[in-house]
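A.B. asks: To start, I am sharing the structure in question, which I have written as C-alpha cells.
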Amino acid sequence: MAGQKKDWKFKPPTRPNGKNGKDPQPTGPFGGFQFKFSIGYILTMLIAVSLFNYLIFRTDNTLVPYSTFKEKISSGEIKRVEIDLNYYTGYPDKKNNEPSSPLPAAAKTGAVYKTVPIDDPGFTALLDETGVVYSASPREGSAVLSFLLNWVLPFGIMFLVWRSVMKRFSGGSSNVLAFGQNKATIVAEGDIKTRFGDVAGVDEAKAELVEVVDFLKNPGKYTDIGGKIPKGVLLVGPPGTGKTLLARAVAGEANVPFFKMSGADFVEMFVGVGAARVRDLFKQAREKAPCIVFIDELDALGKSRVSGVMGGNDEREQTLNQLLVEMDGFDATSGLIILAATNRPDVLDPALLRPGRFDRQVLVDRPDMTGREAILKIHARNIKMDDTVDLAKIARSTPGFVGADLANLVNEAALLAVRAGRKKVNQDDFNAAIEKVIAGLEKKTKVINPKEKQVVAYHETGHALTAALTEGADPVRKVSIIPRGFGALGYTLQIPLEDRYVVSEEELLSQIDVLLGGRAAEEIIFGSISTGAANDITRATDIARKMITEYGMSERFRHVALTKRGAGFAGQNAADPFMTREYSEDTQKYVDEEIAKTIAARYDHVLTLLQNKRGLLDKIAATLLEKEVIEEAEFVALTKDEQKEQNPADSMTTI
Ligand code: ADP
Ligand code: MG
Ligand code: ZN
C-alpha cells in the first residue's frame, strides 16, 4: 500500500511558465493585479475622471443665482458679460482683457459673478437697456477640450486597459496561465514511476494501452503500413477502477512527458479563460511532443452542449469548442496522444466521440474475482501479513469492489491490525475491514425513535425472509438495522456466491421479490406502507422495465429488444435525448402497463409468501430489534427449516 501511494505524491508541480520559467511576470502599470481588476479599475477610473473635471473646470468665481446675476446687471455692478456654453460671466469692467482663457484671470481683480444661464429671452434686452457690453465667446477650444476630457480620455484609458487584459488572454504568450492559476501539472520524462505492473484486473484495457505506448515508442511501425495512430483514447469506467492509474502507467512506460489536467480545471468563472487554457496546454504539448496530454474527469468540460434545461453554459461550451478545435488541429503523426478519463460517458458531447477525436474508447471495468486477487496482491506487497491471510478468499467475498475499494480494504486491515497491537495483519483483520468498507463506518450514535426502528426491523426482515424463501435469490449474509452513511436506516446484505454475468429470468424475478419484500412486510405488520421503500421500488421497477425492453422477457415482445442495449454507454447516440426510445407510443403504453402488472403480481406473491410465515417474520424482526445485527450463520439457523419456493420460469407470461 505504502509503496503504491508514493507514486501519487507529485513533486511540487513544475510550472511551465511563470516563476521558474522563462516568461517574466507581465509588466506595465496594470501588470501586477489579477482577478480583482474590474472593481479596482472602475473605481480608479471614476476618481481620475472626476478629479480631472474638477481641476479643469474648477471655478474661482462666485456662482450666483440667475436672479442675483440679473440684479447685479440692473444695479450696474456688472459692466460686461461674457456668454459661453456653460456660464454667463459678469465682469465689473468693460475691458475685454483675456478673451479666451478658460480660467478667467479677472477673478483676481474683484467681484466676478458667474451664473448658470436659464432660457430667458428678455436677457439681451436687459443688457441693452443697462448698456452692458456683452459678447459670446464661441469657446470652441473649451468645448472640444471638455469633450476630449470627458469622453475621449476615459474611453482611451479603458481601451488601453482592456487591450492589455486581452493581450494576456489571447496573445499566444503563456501569460494566460499567470492569470488565475496554472493548474496543468507537467511530469517530465522519466519522473513517473507507475508501470503497467502496478495495475491489475483490467487486462483488456491494459492490452489496448500497451498498444498506445507502442505508438509513442515506434510510430514508424504503424505509419509505414499506412495505419493511423489514434489521436485520442478515452478511458471509460466506474470511479475507482484505475483510469487515472492507467494513464500514469502509460506515461511511465512510454517514457515521455505527461501533462495532466482535470476537466474541472478548465471551467472558470470568466468566459474565455478555459478556452485559453486549452489553447495553452496544447501549445506547450506540441512543443514537447512526443508526449501525453491527460485530461481527467473529461465530463466536467465535455458535457453535451444540448443538454441542460437552462440552455448552455457559455464558458464550458467555448472551452469544449476549443478542445475540439485543438484536437482537429494536430497531425496524428506528431506524437501527441490525448488520453482522457470519465465515468460519465453518457453525458459527453457526441462531437468528442467522433472519429479523429476520442476515436478509441477503452472500457475500464470492475475487476472479476481473479482480477481482484491480483489487485489485492499489488496492494499487499508492502504489508506484513501472517499465514492465515488468504487473498483468494478475500477476493471471493468482495464482488463489485473496484481497485480503489481494494486498496482501501488493505489499508483498513493494516490499521485494524495496528489497533489490535499486532505486528502482522491476519485474516480476521481483513474480514472486519471488508465489513467496514462495504457498509461504511457504523454510526451507532444516530438515534431513531422506537417506532421507526420497528418499521425498519420489519422492513429488513421482509427483504431477508423473502430471500430465504425464494429459490434463486442470493443468500443473506447479514441483516442490520444500524444506520449507515448515505442515509440508509438499515440494510440486508446479499452477496452472490460468485460473480455473475448471465442472470436467468427466474433470478430476475426473485430479485424483484426480495426488493418488494421490505414493503410487503411493512404492510402486513403495520397495515400501511412508508417512504422507506422508495429505493427498493425504484430498483424493482428498473429490473421489470429491463426485462421487458432489453431482455425480451415480456409476453408480447418475447425475445424482442425494444431498446438498443448499451446505447447509454459511449454509444454513438449516447448523449442524444431523442434517440433513446425506438418504439411506438403504443408499445410504450404496453411497456408501462406491463411493468405495473408485473410489479403488482410479484407484490401479491410476496405478500402471500410472508403472510404465510407471519410467525417467522415476527421472530426474526424481534431478534433484529434486540441485537440490531443478524449474521449469516444465525440467519441460516433461524430459517433452516423453510422450504424455498420455486418461481415459475414462465411467470411473466402467466401474469
Ligand atoms: P479512477 O481514476 O478510475 O477513478 P484511480 O486510478 O484514481 O481510479 O484509482 C484510485 C486508486 O485505486 C489507485 O491509486 C490505486 O491505488 C487503486 N486502484 C484502482 N484501480 C486499480 C487497479 N486496477 N489495480 C491496482 N490498483 C488500483
Ligand atoms: Mg480518476
Ligand atoms: Zn428496503
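To convert a position in the sequence shown, counted from 1, into this note's numbering, add 95.
Heads up, the beta-carbon is just placed ideally off N, CA and C, and yes, glycines get one too.
Predicted model only: the values in this text are computed from it and were never measured.
#1: Quick check on the burial criterion: 16 or more other C-beta atoms within 10 angstroms. Buried or exposed for Leu575?
#2: When burial is assigned at 16 or more other CB atoms within 10 Å of the CB, is His554 buried or exposed?
#3: In angstroms with no decimal places, state the Cα-to-Cα distance between Val505 and Val297.
#4: CA-CA distance, Tyr182 and Thr219?
#5: Mind checking whether Thr225 and Gly185 have CB atoms under 9 Å apart?
#6: At a cut-off of 8 Å, would you count Asp569 as near the ligand ZN, judging by its Cβ distance to the nearest heavy atom?
#7: Provide the residue span of the alpha helix (DSSP H) that contains Tyr698, from first to last.
#8: Looking at Ala508 and the ligand ZN, is the gap between the Cβ and the nearest heavy atom below 8 Å?
#9: At the 9 Å Cβ level, is Asn506 part of the contact set with chain C, yes or no?
#10: Expressed to the nearest angstrom, what Euclidean distance is found between the alpha-carbon atoms of Thr210 and Pro160?
#11: Count the other C-beta atoms from every protein chain shown that fall within 10 angstroms of the C-beta of Leu222, then say buried if there are 16 or more, exposed otherwise.
#12: Using the C-alpha atoms, what's the distance from Thr718 back to His474?
#13: Which class does Leu311 belong to by DSSP, given the choice of helix, strand or coil?
#14: For the putative contact between Val751 and Leu611, defined by C-beta atoms under 8 Å, what is the C-beta separation to the nearest angstrom?
#15: Would you call Gly647 buried or exposed, if buried means 16 or more other Cβ atoms sit within 10 Å of its Cβ?
#16: How big is the Cα-Cα spacing for Val731 and Lys288?
#17: Work out the CA separation of Leu243 and Phe147 for me, nearest whole Å.
#18: Under three-state DSSP, which class holds Ile432?
#19: So, at 6 Å on beta carbons, what are the nonlocal neighbours of Thr734 in its own chain, with the 5 sequence-adjacent residues on each side left out?
#20: Name the residue from Asn245, Ile607, Gln683 and Thr556 whose alpha carbon lies nearest to the alpha carbon of Ala568.
#21: In this structure, how does DSSP classify Phe453 when only helix, strand and coil are distinguished?
#22: Using three-state DSSP, classify Lys800 as helix, strand or coil.
#23: Look up Met648 in the DSSP assignment and give the residues it is bridged to.
#24: Assuming Val227 and Ile173 form a contact by the criterion Cβ under 8 Å, report the distance between their Cβ atoms to the nearest whole angstrom.
#25: What's the gap between the Cα of Arg439 and the Cα of Arg455?
#26: Is the segment 302-321 touching the segment 461-469 in the sense that three or more CB pairs, one from each, lie closer than 8 Å?
#27: Report the three-state DSSP secondary structure of Arg372 (helix, strand or coil).
#28: If you draw a straight line from the C-alpha of Lys739 to the C-alpha of Glu723, how long is it?
#29: Hey, Ala509 and Val497 are a contact pair by Cβ (cut 8 Å); roughly how many whole angstroms apart?
#30: Within 10 angstroms of its Cβ, does Lys684 collect 16 or more other Cβ (buried), or is it exposed?
#31: Quick one: what's Tyr183 bridged to in DSSP?
#32: What does the Cβ neighbour count give for Gln417, buried or exposed, with the cut at 16 atoms within 10 Å?
#33: Specify which residues have a beta carbon nearer than 6 Å to any heavy atom of the ligand MG, listing them in chain order.
#34: Using the Cα positions of Asn313 and Val345, report the straight-line distance between them to the nearest angstrom.
#35: To the nearest angstrom, how far is it from the Cα of Glu617 to the Cα of Gly557?
#36: Give the DSSP-derived three-state secondary structure of Lys548 in the structure shown.
C.D. replies: Based on what the coordinates show:
#1: What you label residue 575 is simply residue 480 of the sequence shown in a count that begins at 1. It is Ser, not Leu, that sits at residue 575 in the sequence shown. Buried: at least 16 other Cβ atoms inside 10 Å.
#2: The count along the sequence shown starts at 1 and reaches residue 554 at position 459. Buried is the label assigned to His554, since at least 16 other Cβ atoms lie within 10 Å of its Cβ.
#3: Counting from one through the sequence shown, the residue named residue 505 turns up at place 410. Counting from one through the sequence shown, the residue named residue 297 turns up at place 202. Roughly 19 Å separates the two Cα atoms.
#4: Translated into positions along the sequence shown, residue 182 becomes position 87. Translated into positions along the sequence shown, residue 219 becomes position 124. Straight-line Cα distance between these residues: approximately 15 Å.
#5: On the sequence shown, position 130 is the one that residue 225 refers to. On the sequence shown, position 90 is the one that residue 185 refers to. Not closer than 9 Å, so no.
#6: Along the sequence shown, one-based indexing puts residue 569 at 474. Relative to the ligand ZN, the beta carbon of Asp569 is positioned no closer than 8 Å to any heavy atom.
#7: Translated into the one-based positions of the sequence shown, residue 698 becomes position 603. Note, Tyr698: alpha helix (DSSP H), Glu680 to Asn707.
#8: What you label residue 508 is simply residue 413 of the sequence shown in a count that begins at 1. Every heavy atom of the ligand ZN is 8 Å or more from the Cβ of Ala508, so no.
#9: Included in the structure is just one protein chain, with no chain C present.
#10: In the sequence shown, residue 210 corresponds to position 115, counting from 1. In the sequence shown, residue 160 corresponds to position 65, counting from 1. Whole-angstrom Cα-Cα distance: 6 Å.
#11: Here the question's residue 222 lines up with position 127 in the sequence shown. Buried is the call here.
#12: Taking the first residue of the sequence shown as 1, we reach residue 474 at position 379. Taking the first residue of the sequence shown as 1, we reach residue 718 at position 623. Their backbone Cα atoms lie some 39 Å apart in a straight line.
#13: By 1-based counting over the sequence shown, the position of residue 311 is 216. In the three-state scheme derived from DSSP, where H, G and I count as helix and E and B as strand, Leu311 is classed as helix.
#14: A question about residue 751 goes unanswered here, because the residues of the chain that appear run from 96 up to 750.
#15: Along the sequence shown, read from residue 1 onward, the residue named residue 647 stands at position 552. A residue is called buried when at least 16 other Cβ atoms come within 10 angstroms of its Cβ; Gly647 does not meet this threshold and is exposed.
#16: As a first step, residue 731 must be located in the sequence shown, where it is residue number 636. As a first step, residue 288 must be located in the sequence shown, where it is residue number 193. The alpha-carbon atoms of Val731 and Lys288 are separated by roughly 49 Å.
#17: Start at 1 with the first residue of the sequence shown, and residue 147 comes out as number 52. Start at 1 with the first residue of the sequence shown, and residue 243 comes out as number 148. Near 11 Å, if we compare the C-alpha coordinates of Leu243 and Phe147.
#18: Locating residue 432 in the sequence shown gives position 337, counting from the first residue. Strand.
#19: The residue you call residue 734 lines up with position 639 of the sequence shown. Only residues of its own chain outside the window of five on either side were considered, and among them Ala563 have a CB closer than 6 Å to the CB of Thr734, listed in chain order.
#20: The sequence position of residue 568 within the sequence shown is 473, counting from 1. The candidate whose alpha carbon is nearest that of Ala568 is Ile607.
#21: Taking the sequence shown and counting its residues from 1, one reaches residue 453 at position 358. The three-state reading of DSSP puts Phe453 in coil, since its state is none of H, G, I, E or B.
#22: Any question about residue 800 goes unanswered here, given that the chain covers just 96 to 750.
#23: Counted from its first residue, the sequence shown places residue 648 at position 553. Arg653.
#24: For the purposes of this step, residue 227 is identified with residue 132 of the sequence shown, where counting begins at 1. For the purposes of this step, residue 173 is identified with residue 78 of the sequence shown, where counting begins at 1. Yes, Val227 and Ile173 are in contact; Cβ-Cβ is about 6 Å, under 8 Å.
#25: The count along the sequence shown starts at 1 and reaches residue 439 at position 344. The count along the sequence shown starts at 1 and reaches residue 455 at position 360. Inter-residue distance for Arg439 and Arg455 is about 16 Å (C-alpha atoms, whole angstroms).
#26: As far as the Cβ criterion goes, the segment 461-469 does not touch the segment 302-321, which means the pair count is below three.
#27: Counted from its first residue, the sequence shown places residue 372 at position 277. DSSP places Arg372 in helix when its eight states are reduced to three.
#28: Reading the sequence shown from its first residue, position 644 is the one you call residue 739. Reading the sequence shown from its first residue, position 628 is the one you call residue 723. Going by the C-alpha atoms only, they are around 26 Å apart.
#29: Position 414 of the sequence shown, counting from 1, holds the residue named residue 509. Position 402 of the sequence shown, counting from 1, holds the residue named residue 497. Ala509 to Val497, Cβ: 19 Å. No contact.
#30: Within the sequence shown, residue 684 is the residue found at index 589, counting from 1. Within 10 angstroms of the beta-carbon of Lys684 lie fewer than 16 other beta-carbons, which makes it exposed.
#31: Counting from one through the sequence shown, the residue named residue 183 turns up at place 88. Bridge partners of Tyr183: Ile178 and Thr210.
#32: Start at 1 with the first residue of the sequence shown, and residue 417 comes out as number 322. Here Gln417 is buried, its C-beta having at least 16 other C-beta atoms within 10 Å.
#33: Output, sorted by chain position: Lys338, Thr339, Asp391 and Ala436.
#34: As a working mapping, residue 313 is identified with position 218 in the sequence shown. As a working mapping, residue 345 is identified with position 250 in the sequence shown. Straight through space, the alpha carbons of Val345 and Asn313 are spaced by roughly 14 Å.
#35: The count along the sequence shown starts at 1 and reaches residue 617 at position 522. The count along the sequence shown starts at 1 and reaches residue 557 at position 462. Whole-angstrom Cα-Cα distance: 8 Å.
#36: Numbered from 1 along the sequence shown, position 453 holds the residue referred to as residue 548. Looking at Lys548 - three-state DSSP - the assignment turns out to be helix.
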